[in-house]
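Colleague: From first to last, the protein sequence lines stand for chains A and B.
Just so you know, this note's numbering puts 359 at position 359 of the first sequence, and the rest follows in order with no gaps.
Just so you know, this note's numbering puts 631 at position 237 of the second sequence, and the rest follows in order with no gaps.
From the three backbone atoms N, C-alpha and C, an ideal C-beta is built for every residue, glycine too.
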Amino acid sequence: MSQTRDLIGVAWSGLTARKVRTLLILLGPVIGVASMVGAVGLTESAKGALQVQLAKLGTNLIIAQAGGTFGSQNPTLPSDAVRRVDAVSSVTSAAATTNLSGVISIPVQGAATYYEAFPVPVRAADVNLPAVLQVRLIDGRWLDAADSQLHLRSVVLGSGIAKQYGYLPGETRTIRLNNTNFGVVGVLGSVPLDPTLNNAAFVTQWAAKHVFSTNGKPNELYIRTRNGTTQATAGAIPTAINLGGPDQVSTQVPSNVLAAQAQANKTLQKVALFAGLLVLTVGGLGIANVMSISVIQRSSEIGIRRAVGHSRSKIGAQFLLESLFVGVLGGALGALIGIGVVYLVSSLEHWVVEIGYGQIPIWMGLALLVSVIAGLYPSIKAARLEPLETLRLG
Amino acid sequence: MSTYDPGWATDPGASIDPTGRLPVTDSIAVQPLLELEGVSRVYGEEVEIYALSDVSLRIMPGEFMSIVGPSGSGKSTMLGLLGVLDLPTSGTVRIAGQDVSALDDPRRSKLRGDSIGFVFQQFHLIPHLSALGNVETALLYRDIRPRDRRQRAYDALERLGLAARADHRPVQLSGGEQQRVALARAIVTEPLMILADEPTGALDSANAAHVLEIFSGLGTPERAVVMVTHDLTVADTALRKVSMRDGRIVADERRVA
Chain A
1 MSQTRDLIGV AWSGLTARKV RTLLILLGPV IGVASMVGAV GLTESAKGAL
51 QVQLAKLGTN LIIAQAGGTF GSQNPTLPSD AVRRVDAVSS VTSAAATTNL
101 SGVISIPVQG AATYYEAFPV PVRAADVNLP AVLQVRLIDG RWLDAADSQL
151 HLRSVVLGSG IAKQYGYLPG ETRTIRLNNT NFGVVGVLGS VPLDPTLNNA
201 AFVTQWAAKH VFSTNGKPNE LYIRTRNGTT QATAGAIPTA INLGGPDQVS
251 TQVPSNVLAA QAQANKTLQK VALFAGLLVL TVGGLGIANV MSISVIQRSS
301 EIGIRRAVGH SRSKIGAQFL LESLFVGVLG GALGALIGIG VVYLVSSLEH
351 WVVEIGYGQI PIWMGLALLV SVIAGLYPSI KAARLEPLET LRLG
Chain B
395 MSTYDPGWAT DPGASIDPTG RLPVTDSIAV QPLLELEGVS RVYGEEVEIY
445 ALSDVSLRIM PGEFMSIVGP SGSGKSTMLG LLGVLDLPTS GTVRIAGQDV
495 SALDDPRRSK LRGDSIGFVF QQFHLIPHLS ALGNVETALL YRDIRPRDRR
545 QRAYDALERL GLAARADHRP VQLSGGEQQR VALARAIVTE PLMILADEPT
595 GALDSANAAH VLEIFSGLGT PERAVVMVTH DLTVADTALR KVSMRDGRIV
645 ADERRVA
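#1: Taking one C-beta from the stretch 27 to 39 of chain A and one from the stretch 267 to 287 of chain A each time, how about it: are there three or more such pairs within less than 8 Å?
#2: Check A/A236 in the structure and name its three-state DSSP category.
#3: Can you name the start and end residues of the alpha helix (DSSP H) that B/D508 belongs to?
#4: Residues in the same chain with beta-carbon distance under 6 Å from B/I520, minus the five sequence neighbours each way, listed in chain order, please.
#5: From this set, B/A618, B/H518, B/A596 and B/G456, which residue's C-alpha is nearest A/S299's C-alpha?
#6: If you scan the stretch 537 to 605 of chain B from start to end, which runs of the alpha helix (DSSP H) of 4 or more residues do you find wholly inside it?
#7: Do three or more CB pairs link the stretch 227 to 235 of chain A to the stretch 139 to 153 of chain A at distances below 8 Å?
#8: For B/S495, which residues in the same chain have their Cβ closer than 8 Å to its Cβ, ignoring the five residues on either side in sequence?
#9: Looking at B/L479: is its Cβ nearer than 9 Å to the Cβ of B/R452?
#10: Beta carbon of A/Q252, beta carbon of A/P75: below 9 Å?
#11: Which same chain residues, not among the five before or five after A/G416, have their C-beta less than 6 Å away from its C-beta?
#12: Chain B partners of A/P378, CB-CB under 7 Å?
#13: Taking C-alpha atoms, which residue in B/R639, B/M638, B/L633 and B/G641 lies nearest to B/R648?
#14: Identify every residue that forms a DSSP beta bridge with A/A95.
#15: Please give me, in chain order, every unbroken run of the alpha helix (DSSP H) with length at least 4 that falls completely inside the stretch 145 to 214 of chain A.
#16: Give the secondary structure of B/V418 by DSSP, where H, G and I count as helix, E and B as strand, and everything else as coil.
#17: Starting from the C-beta of A/P130, find all residues in its chain whose C-beta is less than 6 Å away, skip the five residues before and the five after it, and write them out in chain order.
#18: Give a yes or no on whether the C-beta atoms belonging to A/G303 and A/L368 are separated by under 9 Å.
#19: Taking the straight line between their C-alpha atoms, what separation do you get for A/V372 and A/K270?
#20: Going by DSSP in three states, B/R617 sits in which element: helix, strand or coil?
#21: How many angstroms separate the CA atom of B/S421 from the CA atom of A/V370?
#22: Quick check on the burial criterion: 16 or more other C-beta atoms within 10 angstroms. Buried or exposed for A/K19?
#23: Measuring straight from C-alpha to C-alpha, what distance separates A/V400 and A/L188?
#24: Count the other C-beta atoms from every protein chain shown that fall within 10 angstroms of the C-beta of B/D561, then say buried if there are 16 or more, exposed otherwise.
#25: Which of the three DSSP states is assigned to A/K47 in this structure?
#26: Which residue comes first and which comes last in the beta strand (DSSP E) that contains B/Y437?
#27: Within 9 Å (strictly less), CB to CB, does A/I304 reach chain B?
#28: Please report the residue range of the alpha helix (DSSP H) in which B/Y444 lies.
Next comes the structure, spelled out in structure tokens:
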């Protein structure tokens with residue numbers, strides 16, 4: 001027991017005596033373990049954030065789009081598409097939007113040239129669209145029945161467009177849509193499940209019909225279903241809308257995209273894990289290299305120790321223990337840095353921290369294993385060193 | 395003008411017997427501390443080079459001896475064999491009657507640590523350890539409690555007048571002080587034999603004289619002190635002088651103190 005204590009003391013003093021060298025050989029296991037802890041932690045945290053977002057947004061939203069026929073410029077759905085969809089028993093609510101092609105929106109005098117070149121999409125939307133999307137207004141109000149009944153020219157801006165127009169909350173703003181003034185009545189909050197809505201301006205179905213002379217046929221439907229029936233409903237919607245007619249309808253479940261994103265993060269995690277493993281292996285080679293050089297540099301010390309009675313096995317164990325300490329210290333330091341990075345990035349990105357603490361001992365063990373294997377050759381080399389050669393007698 | 399005469403008397407037989415074997419009259423009831431019997435050390439495989447050739451030597455307790463010879467005479471090889479840092483190609487090396495070739499490395503290392511204290515020309519102190527730490531190195535792996543080990547190391551340093559320098563690292567010590575730390579490391583285990591390789595080789599004359607004075611005082615009735623040197627003046631401070639040439643002992647002389 002006391003000999004083991006002596007051995008630990010000798011190995012520890014060997015490491016602490018050469019701080020720069022020790023720091024250099026620590027880099028391998030530190031970076032390796034930190035990248036593995038960080039990679040898994042960050043991807044899990046990001047996935048956690050996505051899952052929280054998904055839970056908040058719900059996974060029961062379907063977007064049905066008009067597919068049109070070959071060559072059609074602006075394919076549409078039947079005018080009573082919402083009613084047809086509402087007839088599906090698993091549908092809880094639905095709202096339609098219509099793309100108003102050829103409508104130019106100009107927010108301020110003198111900006112016509114720019115916005116004619118880069119037109120903002122204008123859509124006619126149902127009054128229940130925010131309810132179906134489960135999105136709140138960040139300013140003002142949404143379009144309501146009164147706007148249609150009183151023939152008011154009201155417009156609601158998407159959150160991205162409001163920012164682009166420099167719209168201030170509560171501001172009284174009039175914008176021009178194809179030379180007709182519309183009053184901004186509100187700003188729709190961000191729509192993560194369909195970000196295209198953030199960059200659109202919304203008018204009533206009445207305005208679409210009477211100001212911009214559309215046929216009142218929607219292009220897109222946003223549909224909420226009962227939980228657990230989303231995929232089946234998405235499959236049934238095209239038939240429910242076209243009822244055997246010529247209209248092509250496609251559906252998508254946007255939450256699937258987010259779920260796929262989480263899956264993509266899993267792939268990224270594997271890549272990062274592999275990179276960490278690679279760093280650890282390269283770090284191991286670094287340890288073997290630096291320690292081999294160290295054995296040569298410390299040959300005099302080895303000779304002295306042999307001369308005062310330390311056996312070959314003690315010398316070998318001393319160097320192996322130094323590698324083991326490098327593995328333990330590097331692994332622990334790497335894990336701490338990895339955890340720190342996950343906390344830092346998660347706090348910056350507003351993610352919920354997800355760290356697989358159960359896996360950390362495995363990576364630390366891996367760092368230890370790599371360090372010990374890396375230290376084997378230098379240790380054997382040190383043990384085999386002939387004291388007579390190192391002490392340069394006579 | 396009289397010439398310097400340390401008063402050497404040739405040991406009868408030593409220079410006559412080409413094998414360097416000591417005469418039977420030297421073999422008394424006291425067991426030799428160290429005994430070389432017909433020892434050869436050959437280097438190289440295809441071309442064999444005899445660094446030592448059929449050498450016999452006995453070192454008795456209480457002896458203060460020097461091994462002297464020019465470069466290439468086999469002194470260093472002899473030192474390696476006497477210090478159990480090397481093994482003979484043929485012949486027998488015994489320490490306190492024990493054949494060292496018959497021991498495995500751990501037991502041979504223990505025997506070396508217990509029986510021999512080394513002092514080297516270049517001091518060979520471990521640079522990152524303090525003077526105390528360097529002396530303590532010789533007491534490691536002996537199941538000694540750290541506190542006792544430290545105390546014994548401190549006592550050895552104190553004996554050599556270095557107690558105040560115990561916490562200094564080798565670079566903070568003068569050459570003479572470093573050699574005294576090496577001496578403290580050599581005596582701290584109370585070895586049977588102190589084996590010194592050119593102990594004054596790296597010192598100025600004042601420090602060399604001081605170290606030699608310490609050396610002469612290290613011997614006890616149970617302990618032998620052996621210096622390997624090429625310097626005749628240093629060799630002449632010993633009471634027994636073994637001269638070597640071409641891997642053989644050519645003279646074994648003694649003088650009365």
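Modeller: Checking against the coordinates, here is how it stands:
#1: yes
#2: In the first sequence, residue 236 of chain A corresponds to position 236, counting from 1. It is helical.
#3: Here residue 508 of chain B is taken as the residue at index 114 of the second sequence, counted from 1. Start and end: D499 to S509.
#4: Walking along the second sequence from the start, residue 520 of chain B turns up at place 126. Taken in chain order, the residues that qualify are N528.
#5: Position 299 of the first sequence, counted from the first residue, corresponds to residue 299 of chain A. Ranking B/A618, B/H518, B/A596 and B/G456 by Cα distance to A/S299 puts B/H518 first.
#6: Counting whole runs of 4 or more residues, the stretch 537 to 605 of chain B contains the alpha helix (DSSP H) stretches 540 to 553 and 569 to 581.
#7: no
#8: By 1-based counting over the second sequence, the position of residue 495 of chain B is 101. The answer, listed in chain order, is L481, P482, T486 and V487.
#9: Counting from 1 along the second sequence, the entry for residue 479 of chain B is found at position 85. Counting from 1 along the second sequence, the entry for residue 452 of chain B is found at position 58. Here B/L479 is not near B/R452, since their CB atoms are 9 Å or more apart.
#10: Here residue 252 of chain A corresponds to residue number 252 of the first sequence, with the count starting at 1. Here residue 75 of chain A corresponds to residue number 75 of the first sequence, with the count starting at 1. No.
#11: In the structure as shown, chain A begins at 1 and stops at 394. Residue 416 of chain A is therefore absent and cannot be evaluated.
#12: For the purposes of this step, residue 378 of chain A is taken as residue 378 along the first sequence, with counting starting at 1. Correct list: empty, because the minimum Cβ distance to chain B is about 18 Å.
#13: Residue numbering aside, residue 648 of chain B sits at position 254 when the second sequence is read from its first letter. Cα-wise, what sits closest to B/R648 is B/L633.
#14: Taking the first residue of the first sequence as 1, we reach residue 95 of chain A at position 95. Beta-bridge partners of A/A95 (DSSP): A/Y222.
#15: 145 to 149, 159 to 164 and 205 to 210
#16: Residue mapping note: residue 418 of chain B aligns to position 24 of the second sequence, counting from 1. Interpretation of B/V418 is limited by its pLDDT of 40, a score under 50 that renders its predicted location unreliable; the figure taken from the coordinates is listed afterwards. Looking at B/V418 - three-state DSSP - the assignment turns out to be helix.
#17: The count along the first sequence starts at 1 and reaches residue 130 of chain A at position 130. W142.
#18: Mapped onto the first sequence, residue 303 of chain A falls at position 303. Mapped onto the first sequence, residue 368 of chain A falls at position 368. No, they are not a contact pair.
#19: The residue given as residue 372 of chain A occupies position 372 in the first sequence. The residue given as residue 270 of chain A occupies position 270 in the first sequence. For A/V372 and A/K270, the distance between alpha carbons rounds to 25 Å.
#20: Stepping through the second sequence from its first residue, residue 617 of chain B is reached at position 223. B/R617 carries a coil assignment under DSSP once its states are collapsed to helix, strand and coil.
#21: Taking the second sequence and counting its residues from 1, one reaches residue 421 of chain B at position 27. Taking the first sequence and counting its residues from 1, one reaches residue 370 of chain A at position 370. With a pLDDT of 43 at B/S421, under the threshold of 50, the modelled position of this residue cannot be trusted; read the value that follows with caution. Between B/S421 and A/V370, the C-alpha separation is close to 58 Å.
#22: Indexing the first sequence from 1 puts residue 19 of chain A at position 19. Counting Cβ neighbours within 10 Å, A/K19 comes out exposed, since fewer than 16 surround it.
#23: Given that chain A is displayed from residue 1 to residue 394, the structure contains no residue 400 of chain A and the question cannot be resolved.
#24: Mapped onto the second sequence, residue 561 of chain B falls at position 167. So B/D561 counts as exposed.
#25: The count along the first sequence starts at 1 and reaches residue 47 of chain A at position 47. The answer is helix: DSSP assigns A/K47 an H, G or I state.
#26: Indexing the second sequence from 1 puts residue 437 of chain B at position 43. Start and end: L428 to Y437.
#27: Taking the first residue of the first sequence as position 1, residue 304 of chain A is located at position 304. Chain B, which has a Cβ nearer than 9 Å to the Cβ of A/I304, makes this yes.
#28: Taking the first residue of the second sequence as position 1, residue 444 of chain B is located at position 50. Going by DSSP, B/Y444 is part of no alpha helix (DSSP H) but of the beta strand (DSSP E) stretching over I443 to I453.
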